[in-house]
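Asker:
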Amino acid sequence: MPSMPIHLLKHILDNQSSIESASPVIRYASAQNSKVIEGYYVYTRGDLVEQEWMFNDGIPSVILLANRQDHVKMSTELKEMIVKSGWVDKGLQKKVFIHYPTALDYLLVIRFKPQAFTQITSAGLNKATSQGLLPIDHFFTNEIIDHFFSIASVEERIKYLDSYLNNCIISDTSIHSLDQAIQIIRASKGQITVGELAEKLGVNYKWLARKFVKHLHFTPKEYISMHRFIRAYLNLQKDSSDLLALAINHGFYDYNHFLKEFKSYTGQTPLAYLAK
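Take the sequence shown: its position 51, counted from the start at 1, is 55 in the numbering used here, and no numbers get skipped.
#1: Would Gln187 be called buried (16 or more neighbouring beta carbons within 10 Å of its own) or exposed?
#2: Taking the alpha carbon of Glu81 as the reference point, which residue from Asp74, Trp57 and Lys88 has its own alpha carbon closest?
#3: Cα separation between Asp166 and Ala35?
#4: Less than 8 Å between the beta carbons of Leu240 and Leu250, yes or no?
#5: Going straight from the alpha carbon of Ser268 to that of His261, what length do you get?
#6: Where in the stretch 78-104 do unbroken runs of the beta strand (DSSP E), each at least 3 residues long, occur, reported from the N-terminal end onward?
#7: Who are the Cβ neighbours of Lys225 in its own chain at under 8 Å, not counting the five residues just before and after it?
#8: Helix, strand or coil: which one does DSSP assign to Phe256?
#9: Buried or exposed for Ile102, going by 16 or more other Cβ atoms inside 10 Å?
#10: From the DSSP output, read off the bridge partner residues of Ile30.
#11: What do you get for Ala33, buried or exposed, if any count of 16 or more other CB atoms within 10 angstroms of its CB means buried?
#12: In whole angstroms, give me the CA-to-CA distance for Ala276 and Gln195.
#13: Starting from Pro139, trace the beta strand (DSSP E) both ways and give me its first and last residue.
#14: With H, G and I counted as helix, E and B as strand and the rest as coil, what does DSSP make of Val40?
#15: Can you tell me which of Leu69, Val100 and Ile173 puts its alpha carbon nearest to the alpha carbon of Lys83?
#16: Which whole-angstrom value describes the C-beta separation of Ile67 and Asp93, a residue pair presumed to lie in contact below a C-beta threshold of 8 Å?
#17: So, helix, strand or coil for Glu54, using DSSP?
#18: Mapping the DSSP letters down to three states, classify Ile196 as helix, strand or coil.
#19: I'd like the list of long-range same chain contacts for Ser126, defined as Cβ closer than 6 Å, with 5 residues on each side in sequence excluded.
#20: In terms of residues, what are the limits of the beta strand (DSSP E) holding Ile144?
#21: Let me check understanding here. Comparing Cα to Cα, which of Ser65, Asp109 and Tyr164 lies closest to Phe143?
#22: Rounding to the nearest angstrom, what Cα-Cα distance links Asp150 and Ser89 in this structure?
#23: Under the assumption that Asn37 contacts Ile173 (Cβ atoms under 8 Å), give the Cβ distance between them as a whole number of angstroms.
#24: Can you tell which of Trp91, His11 and Ile114 has the C-alpha that lies nearest to the C-alpha of Gly43?
#25: Straight-line CA distance for His3 to Thr273?
#26: Could you tell me the alpha carbon to alpha carbon distance between Tyr257 and Tyr227, rounded to whole angstroms?
#27: Roughly how many angstroms separate the alpha carbons of Lys210 and Ala107, rounded to a whole number?
#28: Give the DSSP bridge partners of Ser65, in chain order.
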(Lines of atoms letter the chains of each structure in order from A and count residues from 1; the text may use other names and numbers.)
(Lines give C-alpha, C1' and ligand atoms only; values in the text may rest on other atoms or scores of the structure.)
Protein backbone atom coordinates (compact mmCIF):
# COMPACT_ATOMS: atom_id res chain seq x y z
CA MET A 1 0.00 0.00 0.00
CA PRO A 2 1.20 3.54 -0.70
CA SER A 3 0.60 7.13 -0.86
CA MET A 4 -0.90 10.04 0.97
CA PRO A 5 -4.49 11.27 1.49
CA ILE A 6 -5.87 12.81 -1.68
CA HIS A 7 -7.11 15.97 0.08
CA LEU A 8 -3.61 16.64 1.38
CA LEU A 9 -2.10 16.08 -2.06
CA LYS A 10 -4.72 18.40 -3.57
CA HIS A 11 -3.79 21.24 -1.21
CA ILE A 12 -0.09 20.74 -1.91
CA LEU A 13 -0.48 20.69 -5.71
CA ASP A 14 -2.94 23.59 -5.77
CA ASN A 15 -0.48 25.73 -3.83
CA GLN A 16 2.90 24.33 -4.82
CA SER A 17 4.94 27.42 -4.07
CA SER A 18 3.13 28.69 -0.97
CA ILE A 19 0.20 27.38 1.03
CA GLU A 20 -2.60 29.91 1.44
CA SER A 21 -3.57 31.00 4.96
CA ALA A 22 -7.05 29.46 4.60
CA SER A 23 -5.60 26.07 3.74
CA PRO A 24 -5.56 23.28 6.34
CA VAL A 25 -1.98 22.61 5.21
CA ILE A 26 0.95 24.57 6.63
CA ARG A 27 4.17 24.38 4.62
CA TYR A 28 7.62 24.77 6.13
CA ALA A 29 10.61 25.12 3.83
CA SER A 30 13.72 23.08 4.51
CA ALA A 31 16.34 25.35 6.06
CA GLN A 32 19.28 23.09 5.17
CA ASN A 33 18.18 20.63 2.49
CA SER A 34 16.17 22.53 -0.12
CA LYS A 35 17.91 20.70 -2.98
CA VAL A 36 16.47 17.36 -1.92
CA ILE A 37 13.48 18.23 0.29
CA GLU A 38 10.51 19.90 -1.37
CA GLY A 39 9.01 20.86 1.95
CA TYR A 40 7.52 19.83 5.28
CA TYR A 41 3.73 19.87 5.32
CA VAL A 42 1.49 19.78 8.38
CA TYR A 43 -2.02 18.56 7.57
CA THR A 44 -4.30 19.61 10.42
CA ARG A 45 -7.06 17.59 12.00
CA GLY A 46 -9.78 20.00 10.84
CA ASP A 47 -9.55 18.78 7.24
CA LEU A 48 -9.33 15.06 7.96
CA VAL A 49 -12.37 13.10 6.85
CA GLU A 50 -13.30 9.68 8.20
CA GLN A 51 -12.12 7.90 5.06
CA GLU A 52 -10.47 9.04 1.86
CA TRP A 53 -8.68 7.74 -1.19
CA MET A 54 -4.88 7.75 -1.32
CA PHE A 55 -2.69 8.69 -4.27
CA ASN A 56 0.99 9.16 -5.04
CA ASP A 57 2.19 11.78 -7.54
CA GLY A 58 5.64 10.24 -7.85
CA ILE A 59 7.19 12.13 -4.96
CA PRO A 60 8.84 9.99 -2.26
CA SER A 61 7.50 11.03 1.11
CA VAL A 62 7.69 10.24 4.79
CA ILE A 63 4.45 10.65 6.73
CA LEU A 64 4.56 10.96 10.52
CA LEU A 65 1.55 10.96 12.84
CA ALA A 66 1.34 13.39 15.74
CA ASN A 67 2.01 10.84 18.50
CA ARG A 68 4.04 7.63 18.81
CA GLN A 69 0.92 5.56 19.57
CA ASP A 70 -1.26 7.11 16.85
CA HIS A 71 -2.38 4.80 14.07
CA VAL A 72 -4.46 4.78 10.89
CA LYS A 73 -6.11 1.93 9.02
CA MET A 74 -5.45 1.39 5.31
CA SER A 75 -7.59 -0.86 3.17
CA THR A 76 -7.84 -2.31 -0.32
CA GLU A 77 -10.49 -4.54 -1.79
CA LEU A 78 -8.66 -7.56 -0.37
CA LYS A 79 -7.07 -6.58 2.93
CA GLU A 80 -6.71 -4.10 5.76
CA MET A 81 -3.68 -3.09 7.76
CA ILE A 82 -2.98 -0.89 10.78
CA VAL A 83 -0.11 1.59 10.39
CA LYS A 84 1.39 2.96 13.59
CA SER A 85 3.41 6.18 14.06
CA GLY A 86 3.89 6.82 10.32
CA TRP A 87 5.01 5.34 7.03
CA VAL A 88 7.37 5.76 4.09
CA ASP A 89 5.75 6.20 0.68
CA LYS A 90 7.87 5.27 -2.34
CA GLY A 91 5.47 3.97 -4.93
CA LEU A 92 2.02 3.65 -6.39
CA GLN A 93 -0.58 1.01 -5.81
CA LYS A 94 -4.22 1.51 -6.65
CA LYS A 95 -7.59 1.43 -4.89
CA VAL A 96 -6.20 2.18 -1.45
CA PHE A 97 -8.20 4.06 1.19
CA ILE A 98 -7.16 5.51 4.55
CA HIS A 99 -9.40 5.51 7.63
CA TYR A 100 -8.66 7.96 10.46
CA PRO A 101 -9.39 7.50 14.16
CA THR A 102 -11.14 10.43 15.82
CA ALA A 103 -8.19 11.29 18.07
CA LEU A 104 -5.63 12.24 15.42
CA ASP A 105 -4.29 15.78 15.67
CA TYR A 106 -2.28 16.12 12.46
CA LEU A 107 -0.05 14.49 9.88
CA LEU A 108 3.49 15.72 9.18
CA VAL A 109 4.60 14.99 5.63
CA ILE A 110 8.20 15.29 4.42
CA ARG A 111 8.07 15.56 0.63
CA PHE A 112 11.43 14.87 -0.98
CA LYS A 113 12.53 15.78 -4.49
CA PRO A 114 11.78 12.82 -6.80
CA GLN A 115 15.37 11.57 -6.91
CA ALA A 116 16.19 12.32 -3.28
CA PHE A 117 16.13 8.83 -1.83
CA THR A 118 19.15 7.92 -3.95
CA GLN A 119 21.02 10.84 -2.35
CA ILE A 120 20.39 9.76 1.22
CA THR A 121 23.19 7.70 2.68
CA SER A 122 22.73 4.79 5.04
CA ALA A 123 24.86 6.43 7.73
CA GLY A 124 22.59 6.40 10.77
CA LEU A 125 19.62 5.79 8.50
CA ASN A 126 17.67 2.64 7.70
CA LYS A 127 17.66 3.26 3.97
CA ALA A 128 14.39 2.28 2.29
CA THR A 129 15.22 0.46 -0.93
CA SER A 130 11.97 -1.24 -1.94
CA GLN A 131 8.88 0.31 -3.45
CA GLY A 132 5.49 0.93 -1.91
CA LEU A 133 4.51 1.61 1.68
CA LEU A 134 7.09 0.80 4.34
CA PRO A 135 7.02 1.10 8.14
CA ILE A 136 8.61 4.26 9.44
CA ASP A 137 11.44 2.28 11.08
CA HIS A 138 12.62 1.28 7.59
CA PHE A 139 13.69 4.90 7.15
CA PHE A 140 14.50 6.26 10.60
CA THR A 141 16.11 4.31 13.43
CA ASN A 142 14.03 3.76 16.57
CA GLU A 143 16.33 6.19 18.38
CA ILE A 144 15.48 8.95 15.90
CA ILE A 145 11.77 8.10 16.02
CA ASP A 146 11.70 8.15 19.83
CA HIS A 147 13.52 11.48 19.98
CA PHE A 148 11.19 12.97 17.34
CA PHE A 149 8.10 12.08 19.35
CA SER A 150 9.66 13.39 22.57
CA ILE A 151 9.75 16.91 21.10
CA ALA A 152 6.64 18.94 21.92
CA SER A 153 6.18 21.43 19.07
CA VAL A 154 5.86 20.58 15.39
CA GLU A 155 8.25 23.41 14.48
CA GLU A 156 11.00 21.97 16.68
CA ARG A 157 10.30 18.49 15.31
CA ILE A 158 10.87 19.80 11.79
CA LYS A 159 14.11 21.53 12.80
CA TYR A 160 15.33 18.29 14.36
CA LEU A 161 14.57 16.19 11.28
CA ASP A 162 16.02 18.80 8.93
CA SER A 163 19.27 18.86 10.88
CA TYR A 164 19.43 15.07 11.04
CA LEU A 165 18.75 14.58 7.34
CA ASN A 166 21.38 17.17 6.46
CA ASN A 167 24.01 14.73 7.72
CA CYS A 168 22.66 11.89 5.57
CA ILE A 169 22.63 13.51 2.14
CA ILE A 170 25.30 13.14 -0.52
CA SER A 171 25.69 15.20 -3.70
CA ASP A 172 24.85 13.62 -7.06
CA THR A 173 25.26 15.91 -10.07
CA SER A 174 24.23 13.17 -12.53
CA ILE A 175 20.54 13.61 -11.71
CA HIS A 176 20.24 17.22 -12.88
CA SER A 177 18.50 16.21 -16.12
CA LEU A 178 16.06 14.06 -14.18
CA ASP A 179 15.12 17.01 -11.99
CA GLN A 180 14.56 19.08 -15.14
CA ALA A 181 12.39 16.31 -16.58
CA ILE A 182 10.17 16.33 -13.49
CA GLN A 183 9.71 20.10 -13.73
CA ILE A 184 8.77 19.87 -17.42
CA ILE A 185 6.21 17.13 -16.74
CA ARG A 186 4.67 19.14 -13.90
CA ALA A 187 4.52 22.29 -16.02
CA SER A 188 2.84 20.39 -18.87
CA LYS A 189 0.38 18.81 -16.39
CA GLY A 190 1.13 15.45 -17.93
CA GLN A 191 0.37 16.51 -21.49
CA ILE A 192 3.68 15.66 -23.12
CA THR A 193 5.07 12.54 -24.79
CA VAL A 194 8.26 10.81 -23.71
CA GLY A 195 9.79 11.66 -27.08
CA GLU A 196 8.99 15.36 -26.65
CA LEU A 197 10.41 15.27 -23.14
CA ALA A 198 13.68 13.67 -24.28
CA GLU A 199 13.97 16.24 -27.08
CA LYS A 200 13.47 19.17 -24.69
CA LEU A 201 16.17 17.78 -22.43
CA GLY A 202 18.52 16.93 -25.27
CA VAL A 203 18.97 13.37 -24.02
CA ASN A 204 18.52 9.89 -25.42
CA TYR A 205 15.10 8.25 -24.95
CA LYS A 206 16.61 5.06 -23.46
CA TRP A 207 18.90 7.01 -21.13
CA LEU A 208 15.91 8.92 -19.80
CA ALA A 209 13.93 5.71 -19.26
CA ARG A 210 16.82 4.15 -17.32
CA LYS A 211 17.16 7.19 -15.07
CA PHE A 212 13.44 7.23 -14.28
CA VAL A 213 13.33 3.55 -13.40
CA LYS A 214 16.54 3.71 -11.35
CA HIS A 215 15.64 6.77 -9.28
CA LEU A 216 11.83 6.86 -9.29
CA HIS A 217 10.76 3.26 -9.95
CA PHE A 218 8.47 4.57 -12.71
CA THR A 219 8.96 4.68 -16.47
CA PRO A 220 8.68 8.18 -17.99
CA LYS A 221 5.38 7.16 -19.59
CA GLU A 222 3.95 6.01 -16.24
CA TYR A 223 5.08 9.21 -14.54
CA ILE A 224 3.54 11.39 -17.25
CA SER A 225 0.29 9.40 -17.13
CA MET A 226 0.11 9.78 -13.36
CA HIS A 227 0.41 13.57 -13.54
CA ARG A 228 -2.14 13.78 -16.35
CA PHE A 229 -4.61 11.83 -14.24
CA ILE A 230 -4.14 13.77 -11.01
CA ARG A 231 -4.65 17.09 -12.82
CA ALA A 232 -7.85 15.77 -14.38
CA TYR A 233 -8.97 14.56 -10.96
CA LEU A 234 -8.35 17.95 -9.34
CA ASN A 235 -10.37 19.72 -12.02
CA LEU A 236 -13.12 17.12 -11.71
CA GLN A 237 -13.52 18.23 -8.09
CA LYS A 238 -14.12 21.78 -9.29
CA ASP A 239 -16.45 21.06 -12.24
CA SER A 240 -18.01 17.70 -13.13
CA SER A 241 -20.64 19.07 -15.52
CA ASP A 242 -18.94 17.90 -18.75
CA LEU A 243 -16.81 14.81 -18.29
CA LEU A 244 -16.06 14.40 -21.99
CA ALA A 245 -14.65 17.93 -22.23
CA LEU A 246 -12.66 17.37 -19.05
CA ALA A 247 -11.18 14.16 -20.47
CA ILE A 248 -10.22 15.74 -23.80
CA ASN A 249 -8.81 18.89 -22.18
CA HIS A 250 -6.48 16.77 -20.06
CA GLY A 251 -5.06 14.71 -22.89
CA PHE A 252 -7.25 11.60 -22.76
CA TYR A 253 -8.41 10.12 -26.05
CA ASP A 254 -12.06 10.22 -24.99
CA TYR A 255 -14.26 9.80 -21.93
CA ASN A 256 -13.87 6.01 -21.91
CA HIS A 257 -10.09 6.41 -21.70
CA PHE A 258 -10.50 8.67 -18.65
CA LEU A 259 -13.13 6.35 -17.16
CA LYS A 260 -10.81 3.35 -17.44
CA GLU A 261 -7.96 5.14 -15.67
CA PHE A 262 -10.26 6.56 -13.00
CA LYS A 263 -11.63 3.13 -12.17
CA SER A 264 -8.14 1.64 -12.12
CA TYR A 265 -7.06 4.14 -9.44
CA THR A 266 -10.22 4.37 -7.32
CA GLY A 267 -12.27 1.28 -8.15
CA GLN A 268 -15.22 3.53 -9.00
CA THR A 269 -16.60 5.61 -11.85
CA PRO A 270 -16.16 9.40 -11.56
CA LEU A 271 -19.85 9.97 -10.85
CA ALA A 272 -20.03 7.22 -8.23
CA TYR A 273 -16.91 8.61 -6.56
CA LEU A 274 -18.29 12.16 -6.48
CA ALA A 275 -21.63 10.98 -5.11
CA LYS A 276 -20.02 9.73 -1.87
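Glycine is no exception: its CB is placed at the ideal position from the N, C-alpha and C atoms.
These figures come from a predicted structure and were not determined experimentally.
Answerer: Working from what's here:
#1: exposed
#2: Trp57
#3: 7 Å
#4: yes
#5: 11 Å
#6: 84-88, 90-93 and 101-103
#7: Val198
#8: coil
#9: buried
#10: Val46
#11: exposed
#12: 26 Å
#13: Leu137 to Pro139
#14: coil
#15: Val100
#16: 6 Å
#17: coil
#18: coil
#19: Low confidence applies here, because Ser126 scores a pLDDT of 48, under 50, leaving its location unreliable; read the following figure in that light. So the list is empty, once near-sequence residues are dropped.
#20: The sequence given here has Phe at residue 144, not Ile. Run containing Phe144: none; DSSP gives neither H nor E here.
#21: Ser65
#22: 10 Å
#23: 6 Å
#24: Ile114
#25: Residue coverage of the chain in this structure runs from 5 to 280, which leaves residue 3 outside it and unanswerable.
#26: 18 Å
#27: 49 Å
#28: Asp93 and Arg115
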